[in-house]
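S.K.: The opening residue of the sequence shown carries number 91 in the numbering used here; numbering runs sequentially from there.
We put the beta carbon where it would ideally sit given N, CA and C, even for glycine.
Just so you know, these numbers come straight off a predicted model, no measurement behind them.
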Amino acid sequence: MNNIWIVDFGSQYTQLITRKSRELGYSSFIMTIDECFEKLEAGAKPRALILSGGPNSIFEDETNYSQIFDSNIPTLGICYGMQLIANYFDGVVERGLQGEYGHARVQAVNGHEIPGIKSSINTWMSHFDHVKEVPQGFVTTLKSDNGLIAGIENKEKKIMGLQFHPEVEHTEHGKDILRHFFHDVANLEENWSNEIMLEVCTKEVEAVKGSKVLCAFSGGVDSLVAATIAHRVLGQDVYCFFVDNGLLRPQDYTHIETLQKETDLNIEVIDAKELFYSKLAGVSDPEKKRKAIGVTFIEVFEKKVHEFEKEQGIKFDYLLQGTLYPDVIESISPHKKGGKSVTIKSHHNVGGLPERMKLKLLEPLKLLFKDEVRQLGEAVQLKHHWVHRHPFPGPGIGVRILGEVSPQAVKKVQDSDQILFEELHGQSLYEACWQAFTVLLPVKTVGVKGDARAYEEVICIRIVNSTDGMTATWTDLPHEFLAKASARITNEVAGITRVVYDITSKPPGTIEWE
Ligand code: XMP
């Protein structure tokens with residue numbers, strides 16, 4: 091596929107460039123400068139290049155960029171990228187003593203306005219060095235209010251440079267400016283769609299045709315979409331094992347039953363409730379609980395797989411995982427000559443499973459963002475509410491019971507969670523929140539139930555909004571909703587007399603309580 095390559099020089103906004111370009115309908119992938127050089131040397135050529143911003147100064151960068159700038163590829167340089175362009179084509183870049191951060195107004199230069207964009211716009215800047223003189227053949231397209239060059243262009247070479255960040259929401263018309271680059275400067279046709287996403291993911295699976303694929307299925311969005319796509323290509327060679335650790339909510343059980351009935355997936359449930367409860371007895375430290383749950387999961391899963399392999403006379407080759415693009419391009423470090431600047435990290439949600447079981451990884455969604463996975467899920471006929479489920483952590487209710495986990499405590503959280511879930515759906519609020527759940531607090535408080543004094547435990551309702559779980563804000567839901575959920579929980583859940591609402595954002599709190 092012909093793509094836009096986004097060369098990452100370590101900007102905190104690089105992922106946003108990819109997201110914005112895909113939202114505009116143009117396929118793009120992030121790579122390091124070394125990967126870019128390797129690909130060009132191997133004869134590949136992108137449809138366009140975007141050189142990202144970065145924390146370094148071009149005065150410390152001795153890389154020879156001729157391979158990029160002499161190959162007639164339409165190029166957009168953002169911040170650091172613009173300075174590389176100016177420097178390469180013999181303009182003058184000046185070392186900045188004082189950085190410029192935050193909002194800055196820029197004005198279009200007469201005769202070089204970007205079509206459809208106002209002559210004066212608010213932008214987001216974050217830089218030290220700046221372009222003092224444009225190179226020969228280039229013109230200044232935008233100037234900031236303090237007289238600095240904020241945009242340059244060479245129409246003939248199809249090269250554009252911007253000192254500010256068009257990918258950031260704070261930049262007015264940022265998306266229009268990117269569209270102008272893709273559509274008018276680079277003359278690209280839109281090519282990112284559900285079909286292309288499906289093609290990208292399907293290709294990953296096709297590469298392992300003939301293999302037996304194992305999936306630690308959770309029923310969450312990522313594992314469901316990954317398993318569905320794998321199943322479309324490999325059919326019955328994909329086996330989904332769902333471990334019932336006894337720490338699930340009522341909605342999780344009904345969801346799995348529905349998927350067993352309504353999809354062609356091969357889903358087997360392994361009931362390991364009692365084993366998990368026995369391993370958790372007497373454990374109240376959060377980290378020890380997490381560890382116990384993780385270790386027990388591997389033990390149960392491994393045993394099941396060995397038994398299954400023996401019974402069926404097969405051997406699994408791959409472990410299917412719903413790893414997403416942000417997990418792959420997790421942390422971005424400054425460009426260093428000769429070294430890879432992007433740290434690649436694969437999330438192993440199932441602990442040390444692949445290493446222990448000598449399984450290779452199959453990660454068909456690894457080039458997609460979460461919202462794209464949802465979109466793709468619907469495109470392959472999965473129901474809307476299946477692919478818009480809230481995230482649910484692997485250790486489940488285990489980290490929502492503070493202190494020791496017991497079947498009685500699990501029941502309290504299950505019952506209160508069910509009420510919360512019913513009320514969110516009943517009042518059409520489920521999709522207005524990113525994650526919603528209840529937590530059992532290990533304190534007893536005095537209350538009155540009927541005519542009697544009660545001395546019972548507390549349920550906390552936690553509802554947050556977020557885009558990726560890294561930061562979150564508590565959700566301010568209507569009081570009628572909170573009042574109804576609270577009344578139902580205290581009336582219907584045995585052992586609970588008090589309900590509190592968590593109004594902590596992340597940071598400083600985390601989303602889960604443990
Ligand atoms: P925190 O509590 O770290 O949670 O703010 C951020 C997001 O991650 C989920 N989470 C987990 N997911 N295994 C998972 O699969 C875990 O051990 C785990 N711990 C937290 C949490 O539910 C929230 O969406």
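Collect the residues with a C-beta less than 7 Å away from any heavy atom of the ligand XMP and give them in sequence order along the chain.
M.R.: Matched residues: 380, 439, 481, 482, 483, 484, 485, 489, 525, 559, 562, 596, 600, 601, 602.
S.K.: Note down the Cα distance separating residue 162 from residue 227, rounded to an integer number of angstroms.
M.R.: C-alpha separation (whole angstroms): 15 Å.
S.K.: Could you have a look at residue 458 and say whether DSSP puts it in helix, strand or coil?
M.R.: Note: residue 458 maps to coil in three-state DSSP.
S.K.: Can you tell me which of the three DSSP states residue 547 falls into?
M.R.: Note: residue 547 maps to strand in three-state DSSP.
S.K.: Give a yes or no on whether the C-beta atoms belonging to residue 558 and residue 416 are separated by under 9 Å.
M.R.: The answer is yes: Cβ separation under 9 Å.
S.K.: Would you call the stretch 301-312 and the stretch 466-480 in contact, with 3 or more CB pairs under 8 Å?
M.R.: Flag = yes, the stretch 301-312 and the stretch 466-480 touch.
S.K.: To the nearest angstrom, how far is the alpha carbon of residue 493 from that of residue 487?
M.R.: If you take the alpha carbons of residue 493 and residue 487, they lie about 12 Å apart.
S.K.: Reducing DSSP to helix, strand and coil, say where residue 165 ends up.
M.R.: DSSP places residue 165 in strand when its eight states are reduced to three.
S.K.: Indicate whether residue 270 and residue 205 have their beta-carbon atoms separated by less than 9 Å.
M.R.: It is a contact, given that the beta carbons lie within the stated cut-off.
S.K.: Assign residue 404 to one of two classes, buried (16 or more other C-beta atoms within 10 Å of its C-beta) or exposed (fewer than that).
M.R.: Its Cβ having fewer than 16 others within 10 Å, residue 404 is exposed.
S.K.: Under three-state DSSP, which class holds residue 583?
M.R.: Residue state, collapsed to three classes: coil.
S.K.: Check residue 486 in the structure and name its three-state DSSP category.
M.R.: Correct three-state label for residue 486: helix.
S.K.: Quick one: what's residue 525 bridged to in DSSP?
M.R.: Note: residue 525 sits in a beta bridge opposite 554.
S.K.: Measure the C-alpha to C-alpha separation of residue 291 and residue 382 and round it to an integer number of angstroms.
M.R.: Distance between the alpha carbons of residue 291 and residue 382 is about 34 Å.
S.K.: Can you pull the DSSP bridge partners for residue 118?
M.R.: In DSSP, residue 118 forms a bridge with 94.
S.K.: Would you call the stretch 176-190 in contact with the stretch 269-289, where contact means no fewer than 3 C-beta pairs closer than 8 Å?
M.R.: No contact exists between the stretch 176-190 and the stretch 269-289.
S.K.: List the endpoints of the continuous alpha helix (DSSP H) containing residue 177.
M.R.: Taken as a continuous stretch (DSSP letters only), the alpha helix (DSSP H) holding residue 177 covers 170-178.
S.K.: Measuring only the C-alpha atoms, how far is residue 451 from residue 347?
M.R.: Those two C-alpha atoms are separated by around 27 Å.
S.K.: Relative to the C-alpha of residue 563, which residue among 530, 586, 598, 587 is closest?
M.R.: Per the Cα distances, 598.
S.K.: Residue 456 to residue 533, Cα distance in whole Å?
M.R.: So the alpha carbons of these two residues sit roughly 43 Å apart.
S.K.: According to DSSP, simplified to helix, strand and coil, what is residue 45?
M.R.: The question about residue 45 has no answer, for the chain in this structure spans 91 to 604.
S.K.: Hey, quick one: how far does the alpha helix (DSSP H) through residue 560 stretch, first residue to last?
M.R.: It is not in any alpha helix (DSSP H) - residue 560 carries neither H nor E in the DSSP assignment.
S.K.: If residue 340 sits next to residue 504, beta carbons under 8 Å apart, how far is it from one beta carbon to the other, in whole angstroms?
M.R.: The Cβ separation is near 6 Å, so the contact holds.
S.K.: Thinking C-alpha only, which one of 112, 602, 587, 545 is nearest residue 561?
M.R.: Nearest of 112, 602, 587, 545 to residue 561, Cα basis: 602.
S.K.: Reducing DSSP to helix, strand and coil, say where residue 222 ends up.
M.R.: If DSSP states are grouped into helix, strand and coil, residue 222 belongs with the strands.
S.K.: Only counting the same chain, and skipping five residues up and downstream in sequence, which positions put a Cβ closer than 6 Å to that of residue 453?
M.R.: Closer than 6 Å at Cβ, skipping near neighbours: 411, 413.
S.K.: With hydrogens ignored, establish whether the beta-carbon of residue 351 is closer than 8 Å to any heavy atom of the ligand COA.
M.R.: The ligand COA is not part of the structure shown, which contains the ligand XMP as its ligands.
S.K.: Could you check where the alpha helix (DSSP H) with residue 287 kicks off and where it finishes?
M.R.: First-last of the alpha helix (DSSP H) with residue 287: 284-296.
S.K.: Does the beta-carbon distance from residue 238 to residue 199 come in below 9 Å?
M.R.: Taking 9 Å as the Cβ cut-off, residue 238 and residue 199 do not qualify as a contacting pair.
S.K.: So for residue 334, helix, strand or coil by DSSP?
M.R.: Looking at residue 334 - three-state DSSP - the assignment turns out to be strand.
S.K.: Since residue 542 sits in a beta bridge, which residues does DSSP pair it with?
M.R.: DSSP, once it has assigned bridges, lists 539 as partnering residue 542.
S.K.: Does the count of Cβ pairs from the stretch 147-154 and the stretch 174-185 closer than 8 Å reach three?
M.R.: The stretch 147-154, when compared against the stretch 174-185, does touch it at the 8 Å Cβ threshold.
S.K.: Skipping 5 residues on each side, what residues in its chain have a beta carbon closer than 7 Å to that of residue 537?
M.R.: Hits under 7 Å: 544, 546, 587, 588.
S.K.: Where does the unbroken beta strand (DSSP E) through residue 280 begin, and where does it stop?
M.R.: Counting along the chain, residue 280 falls outside any beta strand (DSSP E), and DSSP gives it neither H nor E.
S.K.: For residue 236, count neighbouring C-beta atoms within 10 Å of its own C-beta (all shown protein chains included) and say buried if the count is 16 or more, exposed if not.
M.R.: It is exposed - the Cβ of residue 236 has fewer than 16 other Cβ atoms within 10 Å.
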